[in-house]
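Comments concern the structure below.
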Amino acid sequence: SNRSKGTRITKDDKCKFKWHCANAGKYSCAIIVTVINAFHVYYGTKATEILAVFFGVIATTYAYFWDIYKDWGLIRWKANKDHKLLREEITYPAYAYYIAMLVNFVF
Numbered sequence: 022s023n024r025s026k027g028t029r030i031t032k033d034d035k036c037k038f039k040w041h042c043a044n045a046g047k048y049s050c051a052i053i054v055t056v057i058n059a060f061h062v063y064y065g066t067k068a069t070e071i072l073a074v075f076f077g078v079i080a081t082t083y084a085y086f087w088d089i090y091k092d093w094g095l096i097r098w099k100a101n102k103d104h105k106l107l108r109e110e111i112t113y114p115a116y117a118y119y120i121a122m123l124v125n126f127v128f
């Protein structure tokens with residue numbers, strides 16, 4: 022290939038790009054929820070209420086799993102043989118991570 026090394030897109034670059042797109046999706050969902058909620062406050066219709074709840078659930082679920090998987094490095098099914106869902110190296114007792122996942126979901 023005649024492309025220079027500086028412009029070559031590697032497999033790793035494509036993977037990083039996918040994660041950047043997923044992160045942008047998380048923020049896009051939050052923006053959509055904000056806009057729909059603004060419409061709901063202004064118009065107060067059943068349709069805006071349904072849309073607000075629907076997109077609110079999607080955005081909240083998306084953000085929750087992003088926190089747990091990407092930010093905390095958890096939900097790694099095969100990383101830790103002794104403690105399911107946890108990353109390979111843990112600093113605190115395993116139960117602390119499970120409690121943190123639950124608390125992050127509830128609050």
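Counting the sequence shown from 1 gives a position; the numbering used here is that position plus 21. Glycine included, C-beta positions come from ideal geometry on N, C-alpha and C. Given the structure is predicted, the values throughout are model-derived calculations rather than measurements.
_Could you tell me the alpha carbon to alpha carbon distance between Phe-75 and Thr-112, rounded to whole angstroms?_
Looking at the two C-alpha atoms, the distance is approximately 37 Å.
*Taking buried to mean at least 16 other C-beta atoms within 10 Å of its own C-beta, is Val-127 buried or exposed?*
So Val-127 ends up on the exposed side.
*What do you get for Val-54, buried or exposed, if any count of 16 or more other CB atoms within 10 angstroms of its CB means buried?*
Residue burial annotation: Val-54 is buried, with at least 16 other C-beta atoms found within 10 angstroms of its C-beta.
*Buried versus exposed call for Tyr-118 [16 or more other C-beta atoms within 10 Å across all chains shown]*: By the neighbour-count rule (16 or more Cβ atoms within 10 Å), Tyr-118 is buried.
*Determine the burial state of Ala-73: buried for a count of at least 16 other Cβ atoms within 10 Å of its Cβ, exposed for fewer.*
With 16 or more other Cβ atoms inside 10 Å of its own Cβ, Ala-73 counts as buried.
*Ignore the nearest five residues each way along the sequence and tell me which others in Lys-39's own chain have a CB closer than 7 Å to its CB.*
For Lys-39, where only same-chain residues beyond five positions count, there are no Cβ hits under 7 Å.
*asked:* Once the 5 residues before and after Pro-114 are set aside, which same chain residues still bring their CB inside 7 Å of it?
replied: If we look at Pro-114 and ignore the five residues flanking it on each side, it has no Cβ neighbours.
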